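See below for the structure under consideration.
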Amino acid sequence: MKTVFVLFDSLNRHMLGAYGGKRVPTPNFDRLTARTRVYDKHYVGSLPCMPARRDLLTGRLTFLHRSWGPLEPFDNAFPELLKQKGVHSHLITDHYHYWEDGGATYHNRYSTFEFVRGQESDPWKAMVQPHWERLREKYHEAQTGSGPISKYGPHMINREFIKEEKDFPSVQCFAHGLEFLDMNRDKDDWLLQIETFDPHEPFFAPERFKEPFKTGWNGPIRDWPRYGRVEELPEEADELRANYYAIVSLCDFLLGQLIDHFDEHDLWKDTALVVTTDHGFLLGEHDFWAKNRMNLYEEIVHIPLFIHDPRNPGSGRVNRLTQSIDVGPTFLDLFGVEPPEETEGKSLLRDNDREALIFGYFGGAVNVTDGRFTYHLFPENLRQQDIYQYTVMPTHITKPFTPEELSGATLTKPFNWTKNVPLLKVPVIERSPMFNNYGPGTLLESDTRLYDLEIDPGQETPITNLEAEERMIAYMQALMCANDAPPESFKRLKL
Numbered sequence: 000m001k002t003v004f005v006l007f008d009s010l011n012r013h014m015l016g017a018y019g020g021k022r023v024p025t026p027n028f029d030r031l032t033a034r035t036r037v038y039d040k041h042y043v044g045s046l047p048c049m050p051a052r053r054d055l056l057t058g059r060l061t062f063l064h065r066s067w068g069p070l071e072p073f074d075n076a077f078p079e080l081l082k083q084k085g086v087h088s089h090l091i092t093d094h095y096h097y098w099e100d101g102g103a104t105y106h107n108r109y110s111t112f113e114f115v116r117g118q119e120s121d122p123w124k125a126m127v128q129p130h131w132e133r134l135r136e137k138y139h140e141a142q143t144g145s146g147p148i149s150k151y152g153p154h155m156i157n158r159e160f161i162k163e164e165k166d167f168p169s170v171q172c173f174a175h176g177l178e179f180l181d182m183n184r185d186k187d188d189w190l191l192q193i194e195t196f197d198p199h200e201p202f203f204a205p206e207r208f209k210e211p212f213k214t215g216w217n218g219p220i221r222d223w224p225r226y227g228r229v230e231e232l233p234e235e236a237d238e239l240r241a242n243y244y245a246i247v248s249l250c251d252f253l254l255g256q257l258i259d260h261f262d263e264h265d266l267w268k269d270t271a272l273v274v275t276t277d278h279g280f281l282l283g284e285h286d287f288w289a290k291n292r293m294n295l296y297e298e299i300v301h302i303p304l305f306i307h308d309p310r311n312p313g314s315g316r317v318n319r320l321t322q323s324i325d326v327g328p329t330f331l332d333l334f335g336v337e338p339p340e341e342t343e344g345k346s347l348l349r350d351n352d353r354e355a356l357i358f359g360y361f362g363g364a365v366n367v368t369d370g371r372f373t374y375h376l377f378p379e380n381l382r383q384q385d386i387y388q389y390t391v392m393p394t395h396i397t398k399p400f401t402p403e404e405l406s407g408a409t410l411t412k413p414f415n416w417t418k419n420v421p422l423l424k425v426p427v428i429e430r431s432p433m434f435n436n437y438g439p440g441t442l443l444e445s446d447t448r449l450y451d452l453e454i455d456p457g458q459e460t461p462i463t464n465l466e467a468e469e470r471m472i473a474y475m476q477a478l479m480c481a482n483d484a485p486p487e488s489f490k491r492l493k494l
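By numbering that gives the first Met the number 0, the letter at position 171 of the sequence shown is numbered 170, and the numbering carries on one by one without gaps.
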């Protein structure tokens, strides 16, 4: 078996023609639709970036036990499980979070890996004394920051070295992917993961992809929205959206190059192809930009998924509930590897029916859907809830847990999926580096809601339906129990 896994970041399902999108032409996603099974009810698990990847690799939901962090020693990562069975896994990525404190155990699970530099705030080029005044004058003041210690500083420097289309990190990722295929497509037993940060913000694409979406904007570069409420003038918001459309077009073009390679070499006959994303991104819907600050709306959590299995080729729609935790078990299934008993996900290649699924941010609501209703249950007080991080790898995104955090830690008994390993139980405090970045202190919405997607697919108006709410709560409790969620996760929601 041979497998190619394409993972985009922040790719909006509703932008793609395969899912009814009309604003951005996506001819290559349309080509993909004709060759694959398209999953119509595919959802996220844990959010955002690295929590989503932990779910993808391990086949387990992690948002109830800890926030952004590395793979733990007891985690079952599908690339390593494949490696143990003689399957070579190769990661090509420009997703620089893999190389930070909170992600540094992921890429090492693959047999080999390539890191393409320059995306977003990747600390890439060593420009010791940049001409900040000259750099800042190119950009809107909302995305310049105060210098090298802000997230904007490295990005402004990186862009000085990305001049031609071939320099763009996502373009390089797909080029490396095609090189791998040229070298290895006649071999057997490999998995290639082509992963790009695009279309994640900042929405920086080659000029030719921007041309169809020109807004008439004459101001400085405006392609990096803030996380939070929409406060921009209409013309500024239009420019931000147009730049997202441009980068989706770039992603479609790059996917087309891969599909061309599949066509030219008839890889469809013996090579599986899986294409998905980690989550979506709000572009003004519900009066918000981005993610992490608001309720988990469909635009963020309902994501695209395309699968071609050469052993059972064909196209069509799959209408059952599926989730990101199913991706890892699917790769194991393709190579005939049994999933570990701790695995929660099920192979997407088999008819595994779910009644419901849960998803969420650490410290936020627990959210549940049965495909018809979505229910978003928040604790009464986000800032005063009793929650803990469970880990033996105490790092946040870019730094370790602080001594102040760890001073309150205790050792607690194993969960049923930690292979008899006891864990540090670390209290979440407001002074934690994650609290006001990727924690409960960031959320601007915290009211419990029920939506009926059948009559309100845009989730514009919450409803009252006690029967449906009771059913959603029952699903939630059962799924949390199956996940061996910490006792306080029930208490904080009064379950």
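Think of the CB as a built atom: it goes at the ideal place given N, C-alpha and C, for glycine as much as any other residue. On a predicted model such as this, the values are computed, not experimentally measured, just so you know.
Which residues in the same chain have their Cβ closer than 7 Å to the Cβ of Lys137, if we skip the five residues on either side of it in sequence?
The answer, listed in chain order, is Pro219, Ile220.
What does DSSP give as the partner residue(s) for Pro393 in the beta ladder?
In DSSP, Pro393 forms no bridge with anything.
Report the rounded CA-to-CA distance for Pro328 versus Arg349, giving the unit in angstroms.
The alpha-carbon atoms of Pro328 and Arg349 are separated by roughly 11 Å.
Can you say whether Met182 is buried or exposed, counting buried as having 16 or more other CB atoms within 10 angstroms of its CB?
Per the 10 Å Cβ criterion, exposed.
Rounded to whole angstroms, what's the CA-CA distance from Glu505 to Leu249? Just pull it up for me.
The structure shown does not extend to residue 505, since the chain is modelled only from 0 to 494, so the question has no answer here.
Give me the Cα-Cα distance between Met293 and Ser445, rounded to the nearest whole angstrom.
Met293 and Ser445: Cα-Cα distance of roughly 8 Å.
Along the chain, which unbroken stretches of the alpha helix (DSSP H) at least 4 residues long are found entirely within the segment 123-187?
Qualifying alpha helix (DSSP H) stretches, in chain order: 131-135, 151-158, 168-183.
Closest by CA to Pro72, which one among Pro309, Ala364, Thr104?
If we check each option's Cα against that of Pro72, Thr104 comes out closest.
Counting C-beta neighbours from all protein chains within 10 Å, is the total for Ala51 16 or more, i.e. buried, or is it exposed?
By the 10 Å Cβ count, Ala51 comes out buried.
Using 8 Å for Cβ pairs, my map puts Arg228 next to Leu443. What's the rounded Cβ distance?
Indeed they touch by this definition, with Cβ atoms about 7 Å apart.
Between which two residues does the alpha helix (DSSP H) harbouring Lys490 extend?
It spans 486-490 - the alpha helix (DSSP H) in which Lys490 sits, taken as one unbroken run.
By DSSP, does Leu253 sit in helix, in strand, or in coil?
In this structure, Leu253 counts as helix in the three-state DSSP scheme.
In terms of DSSP beta bridges, what is Arg368 paired with?
In the sequence under discussion, the amino acid at residue 368 is Thr, which differs from the Arg named in the question. Paired residue(s): Leu356, Thr373.
With a CB to CB cut of under 7 Å and the five nearest residues on each side skipped, what residues in its chain are close to Lys412?
Only Pro421 meet the Cβ criterion.
Could you tell me the alpha carbon to alpha carbon distance between Ala364 and Ser45, rounded to whole angstroms?
Roughly 11 Å between the two C-alpha positions.
Between the segment 193-206 and the segment 92-101, are three or more C-beta pairs nearer than 8 Å?
With the cut-off at 8 Å, the segment 193-206 and the segment 92-101 touch.
What residues in its chain sit with their C-beta under 6 Å from that of Leu257, if we drop five residues either side in the sequence?
So the list is empty, once near-sequence residues are dropped.
Which of the three DSSP states, helix, strand or coil, is assigned to Trp216?
Coil, per DSSP.
Count the other CB atoms within 10 Å of the CB of Pro338; is the residue buried (16 or more) or exposed (fewer)?
Buried.
Across which residues does DSSP place Pro399 in a beta bridge pair?
BP columns for Pro399 point to Thr394.
Less than 7 Å separating the beta-carbons of Gln192 and Val115?
No. Outside cutoff.
Which runs of the beta strand (DSSP E) at least 3 residues long sit entirely within the segment 244-297? Give them in chain order.
Counting whole runs of 3 or more residues, the segment 244-297 contains the beta strand (DSSP E) stretches 270-276, 287-289.
Does the distance from the CB of Thr373 to the CB of Tyr450 come in under 7 Å?
Cβ atoms of Thr373 and Tyr450: closer than 7 Å.
How long is the line joining the alpha carbons of Val37 and Thr25, rounded to whole angstroms?
Looking at the two C-alpha atoms, the distance is approximately 15 Å.
Measure the CB-CB distance between Gly58 and Gly344 and report whether it falls below 7 Å.
Cβ atoms of Gly58 and Gly344: closer than 7 Å.
Throw me the rounded Cβ distance for the Leu81 and Leu190 pair, which I believe falls under 8 Å.
Correct: roughly 6 Å between the Cβ atoms.
In its own chain, which residues sit with a C-beta less than 7 Å from the C-beta of Asp39, not counting the 5 before and 5 after it?
Around Asp39: Arg316, Val317, Asn318.
Cα-Cα, which of Val23, Thr2, Lys1 is closest to Asn11?
Nearest C-alpha to Asn11: Val23.
Okay, do the segment 233-246 and the segment 260-271 touch, 3+ Cβ pairs below 8 Å being the bar?
Segments in contact, no.
Ends of the alpha helix (DSSP H) at Asp29?
Where Asp29 is concerned, the enclosing alpha helix (DSSP H) stretches over 26-34.
Tell me which same chain residues have a C-beta within less than 6 Å of the C-beta of Phe4, skipping the five on either side of it?
Counting only Cβ-Cβ distances below 6 Å, and skipping sequence neighbours, we find Gln192, Val273.
Here's the rule I'm using: 16 or more other beta-carbon atoms within 10 Å means buried, otherwise exposed. How should Val127 be labelled?
By the neighbour-count rule (16 or more Cβ atoms within 10 Å), Val127 is not buried but exposed.
In this structure, does DSSP put Arg12 in helix, strand or coil?
Of the three classes helix, strand and coil, the one that applies to Arg12 here is helix, per DSSP.
Taking its Cβ as the centre, do 16 or more other Cβ atoms sit within 10 Å of Asp222, making it buried, or is it exposed?
Looking at its Cβ environment, which holds 16 or more other Cβ atoms inside 10 Å, Asp222 is buried.
Measure the alpha-carbon distance for Thr111 versus Glu200 and round it to whole angstroms.
So the two alpha carbons sit approximately 27 Å from each other.
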